[in-house]
Amino acid sequence: MIAFMLFIIGMSIYMFNAPADEYDHRYYEKGLSFNKDYNREQQVVKDHAQPQIKQQNGEVTLLFSQPLTGTVKFVRPSDKVQDKVFNLNSGAGRQVNIPLNNIARGRWQLVIAWKSNSRDYLYNQVLFIQ
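Quick note: the sequence shown uses this note's numbering, first residue 2, plus one each step.
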(Lines of atoms letter the chains of each structure in order from A and count residues from 1; the text may use other names and numbers.)
(Lines give C-alpha, C1' and ligand atoms only; values in the text may rest on other atoms or scores of the structure.)
Protein backbone atom coordinates (compact mmCIF):
# COMPACT_ATOMS: atom_id res chain seq x y z
CA MET A 1 0.00 0.00 0.00
CA ILE A 2 2.87 2.35 0.85
CA ALA A 3 4.54 1.58 -2.50
CA PHE A 4 1.30 2.40 -4.35
CA MET A 5 0.92 5.70 -2.46
CA LEU A 6 4.55 6.63 -3.21
CA PHE A 7 3.94 5.81 -6.87
CA ILE A 8 0.85 8.10 -6.98
CA ILE A 9 2.69 10.93 -5.19
CA GLY A 10 5.69 10.54 -7.52
CA MET A 11 3.47 10.67 -10.62
CA SER A 12 1.68 13.76 -9.28
CA ILE A 13 4.99 15.56 -8.73
CA TYR A 14 6.16 14.52 -12.21
CA MET A 15 2.99 15.83 -13.87
CA PHE A 16 3.16 19.20 -12.12
CA ASN A 17 6.81 19.64 -13.13
CA ALA A 18 6.27 18.64 -16.76
CA PRO A 19 6.71 21.44 -19.35
CA ALA A 20 3.64 23.36 -20.48
CA ASP A 21 1.57 21.86 -23.26
CA GLU A 22 2.12 23.60 -26.61
CA TYR A 23 -1.54 23.17 -27.52
CA ASP A 24 -2.73 25.63 -30.15
CA HIS A 25 -5.74 27.34 -28.61
CA ARG A 26 -6.89 28.58 -32.03
CA TYR A 27 -7.00 25.06 -33.47
CA TYR A 28 -10.77 25.09 -33.98
CA GLU A 29 -10.80 28.46 -35.77
CA LYS A 30 -7.93 27.35 -38.01
CA GLY A 31 -9.83 24.19 -38.89
CA LEU A 32 -12.85 26.21 -39.92
CA SER A 33 -10.77 28.44 -42.19
CA PHE A 34 -8.87 25.53 -43.78
CA ASN A 35 -11.42 25.07 -46.57
CA LYS A 36 -11.33 28.78 -47.37
CA ASP A 37 -7.52 28.73 -47.67
CA TYR A 38 -7.60 25.51 -49.69
CA ASN A 39 -10.10 27.01 -52.14
CA ARG A 40 -7.94 30.12 -52.57
CA GLU A 41 -4.87 27.94 -53.26
CA GLN A 42 -6.82 25.89 -55.80
CA GLN A 43 -7.99 29.10 -57.50
CA VAL A 44 -4.33 29.91 -58.24
CA VAL A 45 -3.96 26.55 -59.99
CA LYS A 46 -7.28 26.83 -61.84
CA ASP A 47 -6.58 30.33 -63.19
CA HIS A 48 -2.84 29.73 -63.79
CA ALA A 49 -2.27 32.78 -61.58
CA GLN A 50 0.99 31.69 -59.93
CA PRO A 51 3.12 34.83 -59.48
CA GLN A 52 6.67 34.97 -60.79
CA ILE A 53 9.12 35.83 -58.02
CA LYS A 54 12.53 37.31 -58.80
CA GLN A 55 15.21 38.65 -56.50
CA GLN A 56 17.62 41.25 -57.84
CA ASN A 57 19.22 44.59 -56.94
CA GLY A 58 18.19 44.45 -53.28
CA GLU A 59 14.49 43.88 -53.91
CA VAL A 60 11.98 41.15 -54.61
CA THR A 61 9.87 41.56 -57.73
CA LEU A 62 6.48 39.87 -57.89
CA LEU A 63 4.90 39.63 -61.35
CA PHE A 64 1.22 38.68 -61.48
CA SER A 65 -1.07 37.81 -64.36
CA GLN A 66 -3.51 40.68 -63.61
CA PRO A 67 -3.68 43.87 -61.51
CA LEU A 68 -4.23 43.14 -57.81
CA THR A 69 -4.45 44.23 -54.20
CA GLY A 70 -3.42 42.15 -51.22
CA THR A 71 -0.59 41.33 -48.82
CA VAL A 72 2.65 39.38 -48.79
CA LYS A 73 3.95 38.03 -45.51
CA PHE A 74 7.64 37.18 -45.10
CA VAL A 75 7.68 34.38 -42.52
CA ARG A 76 11.02 33.48 -40.92
CA PRO A 77 10.83 29.80 -39.86
CA SER A 78 13.67 30.18 -37.36
CA ASP A 79 12.43 33.37 -35.65
CA LYS A 80 8.84 34.61 -35.83
CA VAL A 81 9.89 37.98 -34.37
CA GLN A 82 11.41 38.79 -37.78
CA ASP A 83 8.15 38.17 -39.70
CA LYS A 84 7.10 41.12 -41.88
CA VAL A 85 3.91 41.97 -43.79
CA PHE A 86 3.79 44.23 -46.86
CA ASN A 87 0.71 45.53 -48.64
CA LEU A 88 0.42 44.86 -52.36
CA ASN A 89 -1.23 47.20 -54.83
CA SER A 90 -0.14 47.01 -58.45
CA GLY A 91 -2.45 49.81 -59.63
CA ALA A 92 -3.08 49.28 -63.32
CA GLY A 93 0.11 47.23 -63.72
CA ARG A 94 0.95 43.67 -62.83
CA GLN A 95 4.28 44.10 -61.03
CA VAL A 96 5.07 44.84 -57.38
CA ASN A 97 8.55 45.56 -56.02
CA ILE A 98 9.40 44.98 -52.37
CA PRO A 99 12.70 46.40 -51.02
CA LEU A 100 14.76 43.99 -48.94
CA ASN A 101 15.88 46.64 -46.44
CA ASN A 102 15.76 45.30 -42.86
CA ILE A 103 15.16 41.72 -44.03
CA ALA A 104 17.83 39.25 -42.93
CA ARG A 105 19.51 36.88 -45.32
CA GLY A 106 18.45 33.27 -45.31
CA ARG A 107 15.36 31.14 -45.73
CA TRP A 108 11.92 32.78 -45.77
CA GLN A 109 8.42 31.52 -46.48
CA LEU A 110 6.39 33.93 -48.60
CA VAL A 111 2.64 33.82 -48.04
CA ILE A 112 0.96 35.89 -50.74
CA ALA A 113 -2.76 36.62 -50.41
CA TRP A 114 -4.35 38.78 -53.06
CA LYS A 115 -7.56 39.66 -54.81
CA SER A 116 -7.87 40.17 -58.55
CA ASN A 117 -11.02 40.34 -60.71
CA SER A 118 -13.24 39.57 -57.70
CA ARG A 119 -11.36 36.33 -57.00
CA ASP A 120 -9.30 35.55 -53.90
CA TYR A 121 -5.93 33.82 -54.20
CA LEU A 122 -3.38 32.37 -51.77
CA TYR A 123 0.13 31.25 -52.71
CA ASN A 124 3.07 29.98 -50.62
CA GLN A 125 6.68 29.96 -51.78
CA VAL A 126 10.04 29.38 -50.10
CA LEU A 127 12.60 32.12 -50.87
CA PHE A 128 16.29 32.28 -50.00
CA ILE A 129 17.34 35.90 -49.58
CA GLN A 130 20.98 36.48 -50.46
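Glycine included, each C-beta is placed from N, C-alpha and C at the ideal position.
Please state the DSSP three-state secondary structure of residue i.
i      : result
GLY107 : strand
ASN36  : helix
GLN83  : helix
On the DSSP bridge list, what partners appear for residue i?
i      : result
ARG114 : According to the sequence provided, residue 114 is Ala. The question's Arg does not apply to it. In DSSP, ALA114 forms a bridge with THR72 and LEU123.
LEU128 : TRP109
GLN57  : GLU60
GLN96  : LEU64
ASN18  : ASN18 is not bridged to any residue.
Leaving out the 5 sequence neighbours to the left and right, which residues in its chain are closer than 8 Å to residue i when beta-carbon positions are compared?
i      : result
ASN118 : GLN67
LEU89  : LEU63, LEU69, THR70, GLY71, THR72, VAL73, VAL97, ILE113 and TRP115
Keeping to the same chain, check which residues put their C-beta closer than 6 Å to that of residue i; ignore five residues upstream and five downstream.
i     : result
VAL86 : THR72 and LYS74
Could you please give the first and the last residue of the uninterrupted beta strand (DSSP E) stretch that includes residue i?
i      : result
ASN102 : From DSSP, ASN102 is part of no beta strand (DSSP E); its letter is neither H nor E.
PHE65  : Premise fails: PHE65 is in no beta strand (DSSP E) and is neither H nor E.
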